[in-house]
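Numbering (the numbering used here) for the sequence shown: 11 to 329. Backbone N, C-alpha and C fix where the C-beta goes; we use that ideal spot for every residue, glycine too. Take a look at the structure below.
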Amino acid sequence: MHILTIKRAGLAAITMLAMLVGCKKSTDVVTTTNQECQLQSELTVLNGGLQTTTTTYTYNSNGQLISSVASSSSSLGTPSSSITYTYSYDAAGNVITALTQGATSTASINITNSYEYTGGQLTKITAQYSGSLPSTTTDNYSYDGTGRIATYTYTSSDPQNGPESYTFTNGILTSGAITRGGQSLMVAVDNGHITSVTYPDGRSERYTYDANGYITRTESLNKAGTLQSYTVYEYTTTAYKRASTPYRVLPIINLYGSKDLPASRVAIYNTDGSLKAETIYQYQVNSTGYIASTSYTQNQPGISGQTSGSTTYTYSNCQ
């Protein structure tokens, strides 16, 4: 079970910092402002220390994020990895380049993102992926007379990853088109969100939302229209403060519902309603309301043990 998500090149370079950013409705644009807490580091520990990742953040005198380094190690003997993200800005404070360089235990990574603006609004992101499978992706944005998102398109040199196009009226999603491997998928939209995606062979994914626009259930159906599995989503009741990304005016396009509240539980069920897997999320905030730590545990009936992970966040200028 999965949500068919778009692959936005510009967001890929944010890495774990994106976990702290609240996605807005598709009518909104993210604008970075001075904040009382500036993220300095993260420590992520998986499965009791089997894998550890430390991420550090560096800022210039203007408070702009200029680099972050994520270093991972494992007690299982697999090679360590290190990935560096660097950002440059124009005079208006907009990101114009974002570089991702380094290596994991299995592959090298080299991605260059370039950003273009018109009248202070982001209009284009070009991402170039180097390595054994080089590719280029392009994200294009247009806006209406009031500055709200009007169209979004995504293209890729890899035919398996696009193209995609979406149309908005008054900033609200009204239609979408997705192509995979030269074949068109049928996209249904209702009340500003994608409600189903149907593949050429008849398989489909269906999405249900609550009155506040949060996704509550996804369903996977086979070619005959028979339910194969489904996933339910539950959320916390309070949104926490989150660190800003380096992107000053990044249009957030929420095709699959609101994301202001973090998930508290995600459970996958088999067709007969029996539990297949369950993940529980917990959050702690500091005295100023910024996220201080997150953790999760995942259980699968019939499989001994559980998967777990936690991330701790450290800030400066935090009172």
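Query raised in the report: In chain order, which alpha helix (DSSP H) runs of at least 4 residues are fully inside the region 165-199?
Result: DSSP runs (the alpha helix (DSSP H)) wholly in the region 165-199: none.
Requested in this report: Taking 8 Å as the threshold, find out whether the region 139-146 comes into contact with the region 164-176 through three or more Cβ pairs.
Outcome: In this structure the region 139-146 touches the region 164-176; the number of beta carbon pairs closer than 8 Å is three or more.
Query raised in the report: If we cut at 8 Å on Cβ distances, does glutamate 229 have a partner in chain C?
Result: Included in the structure is just one protein chain, with no chain C present.
Query raised in the report: Does the separation of the CB atoms of serine 268 and tyrosine 240 fall below 8 Å?
Result: Indexing the sequence shown from 1 puts residue 268 at position 258. Indexing the sequence shown from 1 puts residue 240 at position 230. No. Outside cutoff.
Report task. Can you tell me the Cβ-Cβ gap for aspartate 220 and threonine 226, rounded? I've got them flagged as a contact below 8 Å. Result -> As a position in the sequence shown, residue 220 is number 210, starting the count at 1. As a position in the sequence shown, residue 226 is number 216, starting the count at 1. Confirmed, about 5 Å.
Report task. Specify, as a first and last residue, the run of the beta strand (DSSP E) that arginine 227 falls within. Result -> What you label residue 227 is simply residue 217 of the sequence shown in a count that begins at 1. In the DSSP assignment, arginine 227 falls within the beta strand (DSSP E) that extends over 225-231.
Query raised in the report: Can you pull the DSSP bridge partners for aspartate 270?
Result: Position 260 of the sequence shown, counting from 1, holds the residue named residue 270. DSSP output for aspartate 270 lists no bridge partner at all.
**Report entry** Close beta carbons around isoleucine 76, own chain, < 7 Å, minus the five adjacent residues each side
**Finding:** Residue 76 sits at position 66 when you count from the first residue of the sequence shown. The answer, listed in chain order, is Thr68, Tyr69, Asn70, Thr96 and Tyr97.
Report task. Could you check what DSSP says for glycine 319 in three-state terms: helix, strand or coil? Result -> Your numbering for residue 319 matches position 309 in the sequence shown. The three-state reading of DSSP puts glycine 319 in strand, counting E and B together.
Query raised in the report: On the three-state DSSP scale, how would you describe glycine 58?
Result: Translated into positions along the sequence shown, residue 58 becomes position 48. Helix.
Query raised in the report: Which residue comes first and which comes last in the beta strand (DSSP E) that contains isoleucine 262?
Result: Here residue 262 refers to the residue found at position 252 when the sequence shown is read from its first residue. Counted as a single uninterrupted DSSP element, the stretch harbouring isoleucine 262 is not any beta strand (DSSP E), since DSSP gives it neither H nor E.
**Report entry** Proximity winner among Thr64, Ser81, Leu271 and Gln74, relative to threonine 255 (alpha-carbon distances)
**Finding:** Working through the sequence shown from its first residue, we reach residue 255 at position 245. Ranking the options by Cα distance to threonine 255, first place goes to Gln74.
Query - C-beta contact flag for valine 259 and asparagine 150 at 8 Å - result: Locating residue 259 in the sequence shown gives position 249, counting from the first residue. Locating residue 150 in the sequence shown gives position 140, counting from the first residue. Against a cut-off of 8 Å, the Cβ pair of asparagine 150 and valine 259 comes out as no contact.
Report task. Could you give the DSSP three-state label for glycine 112: helix, strand or coil? Result -> Taking the first residue of the sequence shown as 1, we reach residue 112 at position 102. Strand, per DSSP.
Query - Distance between beta carbons of proline 261 and leucine 132, contact taken as under 8 Å - result: Here the question's residue 132 lines up with position 122 in the sequence shown. Here the question's residue 261 lines up with position 251 in the sequence shown. Sure, about 6 Å apart at Cβ, within 8 Å.
Query raised in the report: Which partner residues of leucine 49 appear in the DSSP bridge assignment?
Result: Here residue 49 corresponds to residue number 39 of the sequence shown, with the count starting at 1. In the DSSP output, where bridge partners are listed per residue, leucine 49 has Tyr325.
Requested in this report: Let me know if valine 39 comes out buried or exposed under the rule of 16 or more other beta-carbons within 10 Å of its beta-carbon.
Outcome: Counting from 1 along the sequence shown, the entry for residue 39 is found at position 29. Caution is warranted here: a pLDDT of 37 is assigned to valine 39, below 50, making its placement in the model unreliable, and no coordinate value can be reported.
Query raised in the report: Apart from the five residues just before and just after serine 320, which ones in its own chain have a Cβ nearer than 6 Å to its Cβ?
Result: Here residue 320 refers to the residue found at position 310 of the sequence shown. If we look at serine 320 and ignore the five residues flanking it on each side, its Cβ neighbours are Val55 and Ser305.
Query - Strand pairing of leucine 132, partner residues [DSSP] - result: What you label residue 132 is simply residue 122 of the sequence shown in a count that begins at 1. Its beta-bridge partners are Tyr127.
Query raised in the report: Can the beta-carbon of isoleucine 135 be found less than 8 Å from the beta-carbon of tyrosine 125?
Result: Along the sequence shown, read from residue 1 onward, the residue named residue 135 stands at position 125. Along the sequence shown, read from residue 1 onward, the residue named residue 125 stands at position 115. Yes, they are a contact pair.
**Report entry** threonine 66 versus cysteine 328 - alpha carbon distance
**Finding:** Walking along the sequence shown from the start, residue 66 turns up at place 56. Walking along the sequence shown from the start, residue 328 turns up at place 318. For threonine 66 and cysteine 328, the distance between alpha carbons rounds to 17 Å.
Report task. Taking all protein chains shown into account, decide if threonine 41 is buried (16 or more other Cβ within 10 angstroms of its Cβ) or exposed. Result -> In the sequence shown, counting from the first residue as 1, residue 41 sits at position 31. Only weak support exists for where threonine 41 lies, its pLDDT of 38 falling under 50; the coordinates are left without a value.
Query raised in the report: Between the region 183-199 and the region 282-291, are three or more C-beta pairs nearer than 8 Å?
Result: Cβ pair count under 8 Å is below three, so no.
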